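Written below as structure tokens is the structure these notes are about.
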Amino acid sequence: MLMFEDVKEHLTQIIDSFCQTRGLPTGKVEFRNIPFSGEWGIAAPLFPLAAADPDKSLPVPKKAQEFAEILKTQAEELPGFSRIEAIRGYLNLYFEPHQYAERVVSTVLGQGKGFGSSEQQGKKVMVEYSNPNTHKPLHVGHLRNVILGGSVCNILEASGKKVIRANYIGDIGLHVIKWMCNYEMYHSGEQPDADTMRWMADLYAEADKRFVSEPAFEAAVRDYFGRWDAGEQHLKDLWKQTRDWSMEGFDQVYALLGEHFDRIYFESEVEEPGKALIEQLLESGLAEDGRPENPVIIDLDKKLGTNEEYRVVVILRSDGTSLYATKEIPLAIMKFEEYDLDQSIYVIDVRQSLHMKQMSKVMELMGYPWANRMRHLAYEIVNLPGNVTMSSRDGTVVLLDDLIREATQRALEVVREKNPTLDADMMLEVAEKVALGAIKYPMIARENTKIVTFDWDSALDFNGQSAPYIQYAVVRANSILRRLNEPAPSMAAFSHELLPVEVNLIEKMSQLPDVVQKAAVEFKPSLVATYAFELAQAFNDFYTQCPVLSAEGSTRLSRLVLVQAAKISLENALSLLGIQSPQVM
RNA sequence: GUUUCCGUGGCCUAAUGGAUAAGGCACUGGCCUCCGAAGCCAGUCAUGUGGGUUCGAAUCCCACCGGAAACACCA
1 MLMFEDVKEH
11 LTQIIDSFCQ
21 TRGLPTGKVE
31 FRNIPFSGEW
41 GIAAPLFPLA
51 AADPDKSLPV
61 PKKAQEFAEI
71 LKTQAEELPG
81 FSRIEAIRGY
91 LNLYFEPHQY
101 AERVVSTVLG
111 QGKGFGSSEQ
121 QGKKVMVEYS
131 NPNTHKPLHV
141 GHLRNVILGG
151 SVCNILEASG
161 KKVIRANYIG
171 DIGLHVIKWM
181 CNYEMYHSGE
191 QPDADTMRWM
201 ADLYAEADKR
211 FVSEPAFEAA
221 VRDYFGRWDA
231 GEQHLKDLWK
241 QTRDWSMEGF
251 DQVYALLGEH
261 FDRIYFESEV
271 EEPGKALIEQ
281 LLESGLAEDG
291 RPENPVIIDL
301 DKKLGTNEEY
311 RVVVILRSDG
321 TSLYATKEIP
331 LAIMKFEEYD
341 LDQSIYVIDV
351 RQSLHMKQMS
361 KVMELMGYPW
371 ANRMRHLAYE
381 IVNLPGNVTM
391 SSRDGTVVLL
401 DDLIREATQR
411 ALEVVREKNP
421 TLDADMMLEV
431 AEKVALGAIK
441 YPMIARENTK
451 IVTFDWDSAL
461 DFNGQSAPYI
471 QYAVVRANSI
481 LRRLNEPAPS
491 MAAFSHELLP
501 VEVNLIEKMS
511 QLPDVVQKAA
521 VEFKPSLVAT
531 YAFELAQAFN
541 DFYTQCPVLS
551 AEGSTRLSRL
561 VLVQAAKISL
571 ENALSLLGIQ
581 SPQVM
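Quick note: the first sequence uses the working numbering, first residue 1, plus one each step.
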């Protein structure tokens, strides 16, 4: 509870002086929330203190209870608590509910959109994410990366970091050559239609199919690759044009998802610097040249004296062409030189863990002091039911385009049914917000290291633990405020008897700043996703049990400000997840 | 073979080493003359196995079982 540091400090002083008189070490006691609902306070488990007592005449739980009872009498002078109890080795302090309700609600209302965020501390962090290949479609697997990366950026910003959103685009390679070759042979002169993404994707699928099934086409592609390497101008022009189309398609999707980037890196711009670096690595003796038979490698285990831990990195093919690692090395350097980063984060799926570990080690061996400030944020992939990995080759991918379209269509049907009086534009706007929320939420609502299984039924389910459930709570709150025929009060005293559901709602709201901090430190948007759902649950409990507009006098006023604060908290939590809140649905 | 990740009700997930393991889906039965039923209430069912550390373990350590992944010219 970030908002009640002063209370904790007082209590800490009491406990510390108790420790000093008994000859016990200080700083052993940490506070936690009381896990029972309906009451509101902090708890101090005294077991660590009891275990540290050299006097072992009593078992730890009994001693903890004894300490709790002594501390209870000493803490009773503290203001602001309605009740203090010593039970089962815990010292529980229950807040005076009205006072703290006012404190929480006025903080939320005072900070508004900033509630949950902390002040800037000047630390600079780059987050690289999304990283699509041009000329290829985006599918549901890419979605997890974009949503996770974007959300991590939001959360880091809210925690007080300066964030640079970076995107590393794969704009060269076999996939690009295949696409261009197929285009020139079968679609020469054609232009993308309004749905650029889709058009590019269809042509890519066609090219890939020909590549594996038509030997003549495969031969043509190889010929193309040769001409590309020779630097034929015509191909460069075509490449630039088609890459632009692909980038336009990405921009459409990013706009729809609400994502933006501060810095775009292209693979093509780091290829030559990479090759130059390889020469340096060979001169310094770090790399070994096996050409022409074998590739250029760095044998990390040999250099470090480790055994099967870092393995071997291949940094240049035996024919002298570049690889992933060739380009990663200059890119990492460029980032730190350009931005003087405190941290450089890579949102990349878990299968590249070894590779990321190797890259960081290579940087260290090259003598860069920032090598240990690179961090791989690994996440598990998105599977299909039955543990089937999505593969563009097997045609098992679920295209992002199709998913968004289908979800929006479904959402539109529901909106039309629930809210038939809305005009058509508004219906579509609401349907998009609901659909996108529903799609995004499962991508970040579980731990990064757990596999997400995609299936259409649950992706299009707008009930239960889902974004629409949380959005619905916002809409309900908004509905109350909309029906109010007078200006909403800016603040009110909480003098009525608070029901347990009101206390729970207020307590949940108060936790947002803590949740954001923790999510930022651990790079876990899932904590915010879970929190947002619990907050919505707390609001729904409140909504069903506490009449607002029909309540009397001060109860009505205090509930009105509570509704406003709850709405702000819900919207802020959703916004950190990259999910928008409709006002009606 | 080496290494990493994951094992919690029928299914999916949650729980700074702390109190009675929390929700969602599905299923069954209730709740709209009352601020929006995309909601609420009620019911059945769970920490892979065996050790260890600890006052206390779903959580930390070891072993095993089961699943996934990575490990020299894909990214």
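Each residue gets a CB set at the ideal place from its N, CA and C atoms; glycine is no exception.
Predicted model, so just to flag it, every value in this text is computed and none were measured.
Is residue i helix, strand or coil by DSSP?
i	result
Thr12	helix
Thr389	strand
His98	helix
Gln583	coil
Lys113	helix
Arg483	helix
Glu30	coil
Val296	strand
Tyr90	strand
His142	helix
Ser322	coil
Arg243	helix
Lys524	coil
Lys450	coil
Val60	helix
Lys162	strand
Note the first and the last residue of the continuous alpha helix (DSSP H) segment covering residue i.
i	result
Asp401	400-418
His175	174-186
Ala261	Correcting the residue identity first, residue 261 is Phe in this sequence and not Ala. It is not in any alpha helix (DSSP H) - Phe261 carries neither H nor E in the DSSP assignment.
Ile278	267-284
Arg227	215-229
Ser490	It is not in any alpha helix (DSSP H) - Ser490 carries neither H nor E in the DSSP assignment.
Phe587	Outside the shown range of the chain, which is 1 to 585, sits residue 587, and nothing can be said about it.
Gly437	424-444
Thr396	That residue, Thr396, is in no alpha helix (DSSP H); it is neither H nor E in DSSP.
Met363	353-365
Asn572	553-576
Considering only the alpha carbon of each residue, which of the options lies closest to residue i?
i	options	result
Ile164	Leu46, Thr134, Glu259	Glu259
Leu527	Leu512, Phe211, Lys567, Asn145	Leu512
Ala520	Ile345, Ser466, Glu429	Ile345
Trp199	Phe211, Tyr183, Arg210	Tyr183
His496	Lys508, His10, Glu552	Glu552
Lys296	Glu309, Arg483, Gly274	Contrary to the premise, residue 296 reads as Val rather than Lys in this sequence. Nearest of Glu309, Arg483, Gly274 to Val296, Cα basis: Gly274.
Lys303	Gly285, Val314, Ile315	Gly285
Lys63	Thr73, Lys72, Gln74, Ala51	Ala51
Met356	Asn372, Gly367, Asp342	Asn372
Glu432	Ile70, Lys450, Ile404	Ile404
Gly89	Ala68, Lys508, Glu30	Ala68
Leu256	Gly38, Asn504, Glu429	Glu429
Leu323	Gly173, Glu76, Leu138	Gly173
Ala411	Asn463, Asp195, Lys124, Lys508	Asn463
Less than 7 Å between C-beta atoms, sequence neighbours within five positions excluded: which residues of the same chain meet that for residue i?
i	result
Val548	Ile480, Arg556, Arg559, Leu560, Val563
Lys361	Leu300, Tyr310
Asn294	Ser318
Ala488	Leu481, Leu560, Gln564
Can you name the start and end residues of the beta strand (DSSP E) that residue i belongs to?
i	result
Tyr310	From DSSP, Tyr310 is part of no beta strand (DSSP E); its letter is neither H nor E.
Gln343	343-349
Asp171	Note, Asp171: premise wrong, no beta strand (DSSP E); not H, not E.
Val125	124-128
Val382	382-384
Arg375	374-379
Pro45	41-45
Among residues of its own chain, excluding the 5 on either side of residue i, which ones have a beta-carbon nearer than 6 Å to its beta-carbon?
i	result
Leu498	Pro97
Val501	Asp541, Phe542, Gln545
Leu238	Met180
Go ahead and label residue i buried or exposed: buried means 16 or more other beta carbons lie within 10 angstroms of its beta carbon, across all protein chains shown.
i	result
Gln13	exposed
Glu522	exposed
Asn167	buried
Gln20	exposed
Asp171	buried
Glu486	exposed
Pro61	exposed
Gln409	exposed
Val515	buried
Trp370	buried
Ser57	exposed
Gly437	buried
Excluding five sequence neighbours on each side, which residues of the same chain lie with their C-beta closer than 8 Å to the C-beta of residue i?
i	result
His10	Leu78
Gly80	Val7, Phe95, Glu96, Gln99, Tyr100
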